[in-house]
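Right, one structure below, let's go through it.
In our numbering, the protein residues as written are 1 to 589.
Written as structure tokens, this is what we have:
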């Protein structure tokens, strides 16, 4: 969710470490590193992980590291670099560091310990407000480390696509500065309290803290120790005691002088953090089993060749333009990025497609549409499947994958992700048709749907999905489950004559197909602001028989819309309305 006044015009930039170009014009804000910072950068990026990955150990000069981090961050602040081509990963080997780490756009902070407590940052790892808010603090991540805040409080002011995972904060954690609009945290321990302040919505899974202060519209806690008690709708809290089944996100470690990826065990009916249990029999995959991809070297042909040779894929920071789809056919394959690695499918192709096989993991990627429309950007399982394997013992997992239609560049697709396989888990995803940036407009960056689910027994933990031109979410499979849903309807439909279907005004955000017999969702927040007066007949459209399986629903007409003839008539089917400028918020149990 972002303010309409922010309009940033960028194009996709050519591969460059030192500076960014827009078309043939060098932007005045882009400056080369001064020579001594270049020397420091070269000193710390001598690793297998590519030019823009820096690997640190505690024996290094802290003042040099700090100077390097500050120099990079100065070029990644809002608004100049919201759509830059720069991507960075910082990796910290086990030990103690005295640093103030400012986390800007496309920056990925990675601890390399077997426990978060093996990498300790004495100082801060922070994301702060720029221009007085954090509504556009997207595309950044911190995982697998401990923060000992200098003043007892660490600020992580973010909105979408900015996960905290496997983080231990020895103090308090503040999730806002100015206005803020939602985020995700999993497998985290906060020794003090979490202060959510202006956060309009937030999803927390399998974590623990002493206290949670605040909550505006839709706060969902799943498998969280000391979560606030439910009192809906007086308090905007949904609290589910146990997470039914999850595998925590795989993470990198450096031990015995080698890099390995740890694959956590599947756990059922779980509460709290994963890393407190030292008896788990986790799978270890050495870095040598990966094809390490580099943006200025690899293409679809080299990536598919590596997959055919039995390799996993690791995308180092950068932008990968793909003339063909990356095709994953081997069970258990891992396709993973660091540093917000970004895939762009060309010529109307998919960026990534998988066979209907067990154990695949898709991790930490940004996927951008290009100007030639794709049918879908990522396809899990084949569309033509008639009989689908259930894969219950080794399901497919998708972690921290973020899709963009426009924003960085003009781009179109019919949908962002289509899930055809059964037993798929999506653990945090943001589907975004851009409301600001480059290539925006009803007839420019076009996309009907964010997520389409055709498979059965598909579960999503943390579904952020907004601004698409028809249904945001289309669910055709049986026994689907969604824990936390955040959606803002598109700003820009020109008229109801154009934005209507089947004698229904507008499009519901969340559509469950008429034939579906079982579906569940918890903590559903749907919001809207329009550039022109419009009517939406319903925010959720579902078979009447499953209406009762949508728990804790809220619809909101955002406050800056002064159009008196704009109205949301109902929240779910023909129930729960109206919402208009006289009553901007409506809740349902």
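All C-beta atoms, glycine included, are put in the ideal place defined by N, C-alpha and C.
These figures come from a predicted structure and were not determined experimentally.
Beta-carbon spacing of residue i, residue j below 8 angstroms
{"i": "residue 146", "j": "residue 117", "result": "yes"}
{"i": "residue 149", "j": "residue 171", "result": "yes"}
{"i": "residue 111", "j": "residue 144", "result": "yes"}
{"i": "residue 480", "j": "residue 428", "result": "no"}
{"i": "residue 416", "j": "residue 447", "result": "yes"}
{"i": "residue 334", "j": "residue 300", "result": "no"}
{"i": "residue 464", "j": "residue 499", "result": "no"}
{"i": "residue 526", "j": "residue 509", "result": "yes"}
{"i": "residue 450", "j": "residue 473", "result": "yes"}
{"i": "residue 351", "j": "residue 343", "result": "yes"}
{"i": "residue 210", "j": "residue 191", "result": "yes"}
{"i": "residue 250", "j": "residue 237", "result": "no"}
{"i": "residue 442", "j": "residue 493", "result": "yes"}
{"i": "residue 243", "j": "residue 304", "result": "no"}
Best match in the options for proximity to residue i [C-alpha to C-alpha]
{"i": "residue 588", "options": "556, 582, 580", "result": "556"}
{"i": "residue 413", "options": "212, 433, 190, 62", "result": "433"}
{"i": "residue 370", "options": "528, 357, 405", "result": "405"}
{"i": "residue 67", "options": "313, 85, 98", "result": "98"}
{"i": "residue 160", "options": "169, 185, 540", "result": "185"}
{"i": "residue 364", "options": "176, 315, 320", "result": "315"}
{"i": "residue 285", "options": "299, 323, 336, 302", "result": "336"}
{"i": "residue 61", "options": "81, 49, 96, 89", "result": "96"}
{"i": "residue 39", "options": "64, 50, 47", "result": "64"}
{"i": "residue 501", "options": "226, 133, 530, 535", "result": "535"}
Residue i beta carbon near the ligand NAP (any heavy atom closer than 7 angstroms)
{"i": "residue 554", "result": "The ligand NAP is absent from the structure shown, which contains no ligands of any kind."}
Residue range of the alpha helix (DSSP H) that includes residue i
{"i": "residue 65", "result": "62-74"}
{"i": "residue 305", "result": "300-308"}
Span of the beta strand (DSSP E) around residue i
{"i": "residue 280", "result": "Segment: none, residue 280 is in no beta strand (DSSP E) and carries neither H nor E."}
{"i": "residue 296", "result": "Premise fails: residue 296 is in no beta strand (DSSP E) and is neither H nor E."}
{"i": "residue 622", "result": "What the structure shows of the chain is the stretch from 1 to 589, and residue 622 is not part of that stretch, so it cannot be assessed."}
{"i": "residue 154", "result": "153-155"}
{"i": "residue 361", "result": "361-368"}
{"i": "residue 400", "result": "396-405"}
{"i": "residue 213", "result": "208-214"}
{"i": "residue 266", "result": "266-270"}
{"i": "residue 122", "result": "119-126"}
{"i": "residue 486", "result": "480-488"}
{"i": "residue 456", "result": "Looking at the DSSP string, residue 456 is not in any beta strand (DSSP E), and its letter there is neither H nor E."}
{"i": "residue 174", "result": "172-174"}
{"i": "residue 202", "result": "201-205"}
{"i": "residue 47", "result": "Careful: residue 47 lies outside any beta strand (DSSP E) and carries neither H nor E."}
Own chain, CB closer than 6 angstroms to residue i, minus 5 neighbours either side, in chain order
{"i": "residue 44", "result": "54"}
{"i": "residue 398", "result": "362, 426"}
{"i": "residue 113", "result": "94, 119"}
{"i": "residue 332", "result": "359"}
{"i": "residue 460", "result": "426, 482"}
{"i": "residue 268", "result": "245"}
{"i": "residue 176", "result": "157, 197, 198, 199"}
{"i": "residue 551", "result": "522"}
{"i": "residue 141", "result": "108, 163"}
{"i": "residue 91", "result": "55, 110, 112"}
Beta-carbon separation (whole angstroms), residue i vs residue j, contact threshold 8 angstroms
{"i": "residue 478", "j": "residue 518", "result": "6 angstroms"}
{"i": "residue 485", "j": "residue 521", "result": "6 angstroms"}
{"i": "residue 402", "j": "residue 139", "result": "7 angstroms"}
{"i": "residue 208", "j": "residue 224", "result": "7 angstroms"}
{"i": "residue 213", "j": "residue 195", "result": "5 angstroms"}
Same chain, Cβ closer than 7 angstroms to residue i, neighbours up to 5 away in sequence not counted
{"i": "residue 283", "result": "263"}
{"i": "residue 455", "result": "381, 388, 419, 420, 421, 422, 424, 477"}
{"i": "residue 28", "result": "Residue confidence for residue 28 is low, a pLDDT of 29 falling below 50, so the modelled location carries little weight; the figure read from the coordinates is stated next. Excluding positions up to five away in sequence, the list is empty."}
{"i": "residue 577", "result": "568, 569, 570, 571, 586"}
Cβ-based neighbour list, residue i, same chain, cut-off 8 angstroms, excluding 5 preceding and 5 following
{"i": "residue 24", "result": "Any answer about residue 24 is weak, because its pLDDT of 25 lies below 50 and its placement is not dependable; what the coordinates show is given next. Result list for residue 24: empty, nothing under 8 angstroms."}
{"i": "residue 545", "result": "517"}
{"i": "residue 580", "result": "557, 564, 566, 567, 568"}
Any C-beta of chain C under 8 angstroms from that of residue i
{"i": "residue 257", "result": "Given the protein chain composition of this structure (a single chain), no chain C is represented."}
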